[in-house]
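Protein chains in written order, with this note's numbering: chain A, 2 to 282; chain B, 485 to 878. Heads up, the beta-carbon is just placed ideally off N, CA and C, and yes, glycines get one too. Please read all numbers here as calculations on a predicted model, not as lab measurements.
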Amino acid sequence: MWDYTDKVRDHFLNPRNAGPMDDPTVVGEVGSLACGDALKLFLKIDDAGRITDATFQTFGCASAIASSSVLTELLKGKTVDEAAAITNKEIAMELGGLPREKMHCSVMGQEALESALKRYRGELDPLVKPEGEIVCKCFGVTDVQIRRAITENDLTTVEEITDYTKAGGGCGECVLDLERILAETRGTEPAKPKPVAPKRKLTNLQRMQLVTKVIDEEIRPSLKKDRGDIELLDIEGAKVLVSMRGACSGCPSSQLTIKELVQRRLRDAVDPDIIVEEVRS
Amino acid sequence: MKVIYLDNNATTRVAPEVLEAMLPFLRESYGNASSMHGFGGQVGKFITEARERTAQGLGCSPEEIIFSSCGTESDNTAIFSAVRSQPEKRHVVTTRVEHPAVLNVASHLEIAGYEVTHLKVDELGRLDLQELEDSLRPDTALVSIMHANNENGVIFPLERIAEIVKSKGILLHTDAVQTVGKLPIDLQKLAVDFLALSAHKVHGPKGMGALYVRRGVPFRPFMLGGHQEKGRRAGTENVAGIVALGKAMELAAAGIDEENTRVKALRDRLEQGIMSAIPDVRRNGDPENRLPNTSSLAFKYIEGESILLMLDQYGICASSGSACTSGSLEPSHVLRAMGVPFTFAHGSIRFSLSRYTTDEEIDLVLRELPGIVSRLRAMSPFTGKDEAAPGCAC
């Protein structure tokens, strides 16, 4: 059982301002059923730009409901500009803290608020067109969201990124990207430098050895985290023939895995001309 | 506040008779069974007696029972023994819905170069026996298939599975942690080679398990050290635990009929009461062929941890296959393997009853749960909607 503070328990069991609002000025929405968390934030804003009422609807665990509840309390009476300054840290602090693994619930509150305020200002809603590129396909998290979570919460590891954004918490395919984004955002070198493609032309033997090494040491462990696997069948020049195994075999996303994970990594590490093709057995 | 314990697939209350049986070995009779002096050596006969009781409950010979520390150790021992005794065979078959005590060993074997076939289950959690048959190869070292699933209670047709697997001369292991004490098991008729069980699932103490190894099956010990258990499992005997397991097995064997009549009737009353009082509830797993004490129900539009914590306010203990309770971010591997839609998977709750569950406890759940579900649904943005919100590429 999670170690929730009394305040988290109180806001969960006695949520303030729960339920939809009649005639809201604006509504902010984040998340989905598939992602396991969702928040719909209703705001009533007067002509002077002050939030006079805030309510919520939340799908999620105790900390998601508590974060939503405390957020509505924080918002009431604030101007739009004051509300815009609320961060996920403030939401978590107001609750007396959240378990590390539940920090994404506070981030969800901050994002729902942003969604609402962007709509209020007539700006493009990030939910209509997410800002940035989707990095984590399992939970629909973009690089912009990840970079921001790193900066605002001083995150230093991929595990922390997952705790705060959920990115990397599904199939694990994006972990290498998260490492790269973390290093770029913090202005550091990646923790585990990957072998870079040699500039000189590879012999067939060298190419085969390097492809085998990258598949065995990087790609296969990543797939196995989700009960999948890959078998290297043959290498014909720049063409790498593989067969997907385990949970990856017959997975509807296997082509995405082959192109986005396997091919991209082999192009980075071995040869930019590599084409990976699946041989179905 | 009284505890309404409906999480018996996780662990069970130690039966008073079991506690009484084990206490002398924690108090005055604390000798080491391997000692040459009478004070220690005298406890050996109680180990023998417990072994006989355990074997009796399974319909096997006492010599075929190895005491262990838990179900996980028994599962690990069986799998590693099977592959180590047949080093030329590099293929293992299991299912996608096994307990981590099997799945994580299978992953370990994969990393070590073994090929592992994970059999699928259908939407009711059932195996495709044709897929099992097709998966068997000359180099298959072991088939490891659980007797019944801990989350949805679905019972796999182990007799038929054994016919298929043994017809090819392949070793068969079953994790029977959830079925011992709930279903009759007769190892004279059930042709498995290894069977794992755990004391704390049958009203015994935690930290005690057993492994059945069919006579004649090649065996390689998992724990090396002293000569205990005829060299098959080293380590000073947990005499109190062993005696407790023997007593628990005796009680379990005597309670099978109650499990299949009174407990099953209570489970059905709970399930039917919930499903008739609350709309948009779905049963996870085969409605017919499942453990008599288990009900896994999925509540649409809401999330499992929230339901559990609200039930906890009334002292009601259950468990969830939702992501948030496990520290994971995705619903349980069992629900995912069954293809339970996300709209239901996140809101799955497992109620598992025991011989101590009463009518009054079921009444309390039926009284409080509809209000809890109603409160949470009133807070959910998805209530009455089936589509996921935009913004997620899942």
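- For the C-beta of residue 66 of chain A, the chain B residues within less than 8 Å are, from N- to C-terminus, 790, 863.
- Going by DSSP, residue 723 of chain B is part of the alpha helix (DSSP H) stretching over 723-742.
- It is roughly 6 Å from the alpha-carbon of residue 61 of chain A to the alpha-carbon of residue 37 of chain A.
- Scanning chain B for C-beta atoms nearer than 9 Å to the C-beta of residue 14 of chain A yields 793, 794, 797, reported in chain order.
- For residue 595 of chain B and residue 727 of chain B, the gap between their C-alpha atoms comes out near 38 Å.
- Within chain B, 863, 864, 865 have C-beta atoms less than 7 Å from the C-beta of residue 58 of chain A, given in sequence order.
- Flagged as an interface residue toward chain B: residue 247 of chain A, by a C-beta distance shorter than 8 Å.
- Counting the other CB atoms within 10 Å of its CB gives residue 136 of chain A a total of 16 or more, which places it among the buried residues.
- Listed along the chain, the chain B residues whose CB falls inside 9 Å of the CB of residue 150 of chain A amount to none; the nearest CB is some 15 Å away.
- At a beta-carbon threshold of 8 Å, the residues of chain A lying near residue 591 of chain B are 225, 228, ordered along the chain.
- For residue 159 of chain A, the uninterrupted alpha helix (DSSP H) run begins and ends at 159-166, by DSSP.
- Distances from the alpha-carbon of residue 688 of chain B to those of B:707, B:751, B:540, B:664 put B:664 closest.
- Among the bridge pairs identified by DSSP, residue 829 of chain B is matched with none.
- Around the C-beta of residue 703 of chain B, 16 or more other C-beta atoms lie within 10 Å, and the residue is accordingly described as buried.
- The C-alpha of residue 133 of chain A lies about 56 Å from the C-alpha of residue 843 of chain B.
- Assigned with DSSP and collapsed to three states, residue 106 of chain A falls in helix.
- When the beta-carbon positions are compared, residue 740 of chain B and residue 788 of chain B stay at least 8 Å from each other.
- Between residue 661 of chain B and residue 628 of chain B, the C-beta gap is not smaller than 8 Å, which leaves the two residues out of contact.
- In the structure shown, the three-state DSSP call for residue 843 of chain B is helix.
- Taking a Cβ-Cβ cut-off of 7 Å, residue 45 of chain A has no neighbours in chain B, whose nearest Cβ is about 18 Å from it.
- One alpha carbon belongs to residue 216 of chain A, the other to residue 276 of chain A, and they sit about 14 Å apart.
- When Cβ pairs closer than 8 Å are counted between the two stretches, the stretch 712-721 of chain B is seen not to touch the stretch 674-684 of chain B, the count staying below three.
- Under the Cβ distance rule, residue 687 of chain B does not count among the residues neighbouring chain A, no pair being separated by less than 8 Å.
- Residues of the same chain with a CB within less than 7 Å of the CB of residue 790 of chain B, apart from the 5 flanking positions on each side, are 860 in chain order.
- Excluding five sequence positions before and after residue 574 of chain B, the CB atoms of its chain that fall closer than 8 Å to its own CB belong to 597, 598, 599, 623, 625, given in chain order.
- Closest option to residue 569 of chain B, judged by alpha-carbon separation, among B:724, B:519, B:685, B:705: B:705.
- In this structure, DSSP gives residue 255 of chain A a helical state, which the three-state scheme calls helix.
- For residue 186 of chain A, the enclosing alpha helix (DSSP H) starts and ends at 176-187.
- In the DSSP annotation of this structure, the continuous segment of the alpha helix (DSSP H) that includes residue 563 of chain B starts and ends at 555-568.
- Taking 3 residues as the shortest admissible run, the stretch 610-682 of chain B contains the following complete beta strand (DSSP E) segments, listed from N- to C-terminal end: 624-628, 655-659, 678-682.
- Restricting attention to beta strand (DSSP E) runs no shorter than 3 residues, the stretch 492-553 of chain B encloses them at 549-552, ordered along the chain.
- Against chain A, the CB of residue 734 of chain B has no partner CB under 8 Å away; the residue lies outside that interface.
- Residue state for residue 747 of chain B is assigned as helix, using DSSP reduced to three classes.
- Here residue 22 of chain A carries a coil assignment [DSSP, helix/strand/coil].
- Neighbours of residue 19 of chain A in chain B, taken as residues whose beta carbon is under 8 Å from its own, are 862, 863 in chain order.
- Take residue 234 of chain A, set aside five residues on each side of it, and the residues of its chain with a beta-carbon closer than 8 Å to its own are 242, 243, 244, 280, in chain order.
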